[in-house]
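First the structure, in the form of structure tokens, and then the observations on it.
Right under this line is the structure:
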């Protein structure tokens, strides 16, 4: 990579008089090699909602028009087609689109209030255009006349002249393109108007040239946070990675050859110390230590120059031998380690080695014993040399490990900063899309944000805190696009276990006019009656009629009918009395019932049929197979009637039938996020447009209109076992049966 890039975005107060954003494209490697990387810094002198809308329009439009340009693909074949040509063509199209946008939207924001810089980095070339008061600075090395040494200088480029201002006045957003090479060891700084007014040029030079771009951006951010100002700041820092070479130090003149050699050696040591990374162990320094021990022999101060020269040569020869020996030791040791690694990780070779070891165990033991005796028999110098070699090997491996750990930490830190910045940018864009009801654009961003949050490191306490912040904001935004109304603490109406600890109700039915809720309990063979106003619970039972089950229920004219295996249990809610009615069932299991026009409809999935019965007072007879065409009802779980019969399958699919035939199939599951699974209850409003579906596994009640359009969903995160619900549309209340308790919530979807 020929450059590094970092971005800074800071709003120090909600009272800032402008709205801004920074965008850095993340194209795939092919597009980046052909067309470079796009960046945008934009600020509008307005806090109106339409300002944010313009920013999102410009960012999306610029990114699309540039990277979707068909000329990018032709660059590999046409050598004369340059990035600058493609960039200029995209800007011309953006000017046209923006002009149409301002006419259609009739915005009050003037062109002079829009400060925007758009640029492309391709290899070591940079192309950019600027409208408004954004600042562009070039930081580069230049010779100072007094010292003839190179120092960093800062120069502002891209200032608008009078011609540019006249062009801007003609409703043309982008008028010209500035292009050139990024100088070696140079930096480009793109900022809004405010930033250079609060941080001086010398301070900017010092921060940007001393720290890497990401660190420089963070340092500038911390400096600006100390400023108590109602101003927003934004910047992009680009650093050229070409020319990163160590400059040779200038050596002073020496008076003699020996002094020159000593000075050169000292300079070399100093330079090496300066360039050595923090934490790296100086192997050379440790290598000299044993040599100094061996060479601590008193020398005759009157020895002639010739003897000194020959003595030096002999010393260098010994040193060379020692270094070669250590070098060979390291080579053989690493070769042995590589051999072990390859064979240990290869099961076949490892088994072969073990087999050979078992066959030749005696020889190997003898070899080990001879090796030990050989080491013991070494002279003193050889033992010292062997020990020092092992120490140096350990230090060398330890040193490599520390360097690798440091590199990994730095890479993780850079990845952490990049991911943090990218997630914040994507979440802000998603928030803007939600603000303008652009659900399609928001959903695409949420998929990417979810992937980025999953990649976000989650090891340290700081990372976990940041990860949780991102996840909470993501969940909050997802609730908006999923149209979730979360009910943390619904109001409890009654707990049936207060009446009897063994209460196990299965359903609830709301009666009109009586202001009462009835709940069947198969275990207790009773029906609980709750007076909503007084919250008094009473039990209705009849020992004369054997009750086996009360799980399936339906209501007509305030009379409730429970399926009791082979007959029907009727509850007269006004008299509060139970009695049984005969019915000729199909023989297959009935999973749900509903009533319409004094007729009872029973759903039998095993028969793929709905059976209709006439109510003759004491008996349900005249069974009629209502479905007239082949219909798959194997996974059906409930039905509801408003003139049409609606059948709910457990995967969320709703079949709408009329006169025994399918009128429509509402594939509601395809438009609900997250998708429905194992739904259990269905209620269709007889008078209003609503369809209600209960999904206990995800603790929610989902609403559609009767065309299948998704409207919203109520989420009860603290529910433990949702069994049933009832809707009071007149008073805009929904009741839920959770375990053995009845709760109520205010229904907001009527508003």
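Numbering (this note's numbering), first residue to last: 325 to 1075.
Backbone N, C-alpha and C define an ideal beta-carbon position, used for all residues, glycine too.
Since we're looking at a predicted model, the values are computed, not measured.
Q: Please list, in chain order, all residues of the same chain as residue 399 whose beta carbon is under 7 Å from its beta carbon, the five residues on each side excluded.
A: By the criterion of a C-beta distance shorter than 7 Å, residue 399 is surrounded in its chain by 358, 405, once the five residues flanking it on both sides are discounted.
**Q.** Limits of the beta strand (DSSP E) - the one that residue 446 falls within
**A.** 438 to 446
(Q) So the candidates are 818, 896, 891; which of them puts its Cα closest to the Cα of residue 858? (A) 818
(Q) Using only the alpha-carbon positions, how far apart do residue 723 and residue 717 sit? (A) 10 Å
Q: Mind checking which residues open and close the alpha helix (DSSP H) that includes residue 408?
A: 407 to 429
Q) Going by beta carbon distance, what residues of the same chain come within less than 7 Å of residue 632, once the five residues before and after it are set aside? A) Confidence at residue 632 is low in this model, with a pLDDT of 42, below 50, so the placement of that residue is unreliable and no value is reported for it.
**Q.** Pairwise C-alpha distance: residue 328 and residue 620
**A.** Confidence is the limiting factor: at residue 620 the pLDDT is only 49, short of 50, which leaves the residue's position unreliable and the question unanswerable from this model.
Q: Could you say which of 806, 943, 562 lies nearest to residue 348 if we only look at CA atoms?
A: Comparing Cα positions, the closest option is 562.
Q. How close, in whole Å, do the beta carbons of residue 367 and residue 439 come, if the pair is a contact with beta carbons under 8 Å?
A. 5 Å
Q: List the endpoints of the continuous beta strand (DSSP E) containing residue 522.
A: Counting along the chain, residue 522 falls outside any beta strand (DSSP E), though it belongs to the alpha helix (DSSP H) covering 519 to 522.
Q: Measure the C-alpha to C-alpha separation of residue 345 and residue 415 and round it to an integer number of angstroms.
A: 19 Å
Q | residue 713 versus residue 706: straight-line alpha-carbon distance, rounded | A | 10 Å
Q. Would the beta-carbon of residue 433 fall within 7 Å of that of residue 362?
A. No.
Q) At what residues does the alpha helix (DSSP H) containing residue 717 begin and finish? A) From DSSP, the alpha helix (DSSP H) with residue 717 extends over 704 to 759.
Q.
So the candidates are 413, 708, 793, 737; which of them puts its Cα closest to the Cα of residue 748?
A. The shortest C-alpha separation from residue 748 is found at 793.
Q: Specify the secondary structure class of residue 366 as computed by DSSP and reduced to three states.
A: For residue 366, the secondary structure class from DSSP, reduced to helix, strand or coil, is strand.
Q: Could you tell me if residue 360 is buried or exposed, where buried requires 16 or more neighbouring beta carbons within 10 angstroms of its beta carbon?
A: Label assigned to residue 360: buried.
Q.
Taking its Cβ as the centre, do 16 or more other Cβ atoms sit within 10 Å of residue 1065, making it buried, or is it exposed?
A. That one is buried.
Q) Taking the alpha-carbon positions, what's the residue 762 to residue 377 distance? A) Near 11 Å, if we compare the C-alpha coordinates of residue 377 and residue 762.
Q) What residue range is occupied by the uninterrupted alpha helix (DSSP H) comprising residue 505? A) That residue, residue 505, is in no alpha helix (DSSP H); its beta strand (DSSP E) goes 502 to 505.
Q. Is residue 905 closer than 7 Å to residue 878 when the C-beta atoms are compared?
A. no
Q: Measure from the alpha carbon of residue 753 to the alpha carbon of each residue in 380, 373, 429, then state which is nearest.
A: For residue 753, the nearest C-alpha among the options comes from 380.
**Q.** Contacts around residue 466, its chain only, beta-carbon distance under 6 Å, and the 5 residues preceding and following it disregarded
**A.** 477
Q | DSSP bridge partner residues for residue 545 (one or two, in chain order) | A | Paired residues: none, contrary to the question.
Q. Is residue 556 closer than 7 Å to residue 342 when the C-beta atoms are compared?
A. yes
Q) residue 895 and residue 943: beta carbons closer than 7 Å? A) no
**Q.** Of the listed residues 840, 766, 955, 839, nearest to residue 806 (C-alpha basis)
**A.** For the residues 840, 766, 955, 839, the minimum Cα distance to residue 806 belongs to 766.
**Q.** Extent of the continuous beta strand (DSSP E) to which residue 1024 belongs
**A.** 1024 to 1029
Q) Does the segment 798 to 817 come within contact of the segment 770 to 779, defined as at least 3 CB pairs closer than 8 Å? A) Yes: at least three Cβ pairs fall under 8 Å.
Q) Per DSSP, what kind of secondary structure is residue 571 in: helix, strand or coil? A) For residue 571, the predicted model reports a pLDDT of 45, less than 50, meaning its position is unreliable and no value from the coordinates is stated.
Q) With 16 other CB atoms within 10 Å as the buried threshold, where does residue 546 fall? A) exposed
Q. Any idea what DSSP makes of residue 842, helix, strand or coil?
A. Note: residue 842 maps to strand in three-state DSSP.
(Q) Using only the alpha-carbon positions, how far apart do residue 1042 and residue 816 sit? (A) 13 Å
Q.
How far does the alpha helix (DSSP H) with residue 764 in it extend, from its first residue to its last?
A. 763 to 779
Q.
Here's a check: name, in chain order, each residue in its chain whose Cβ is nearer than 6 Å to the Cβ of residue 958, leaving out the five neighbours to either side.
A. 929
Q.
Taking 6 Å as the limit between beta carbons, can you name the residues of its chain near residue 510, skipping five residues before and five after?
A. 464, 564
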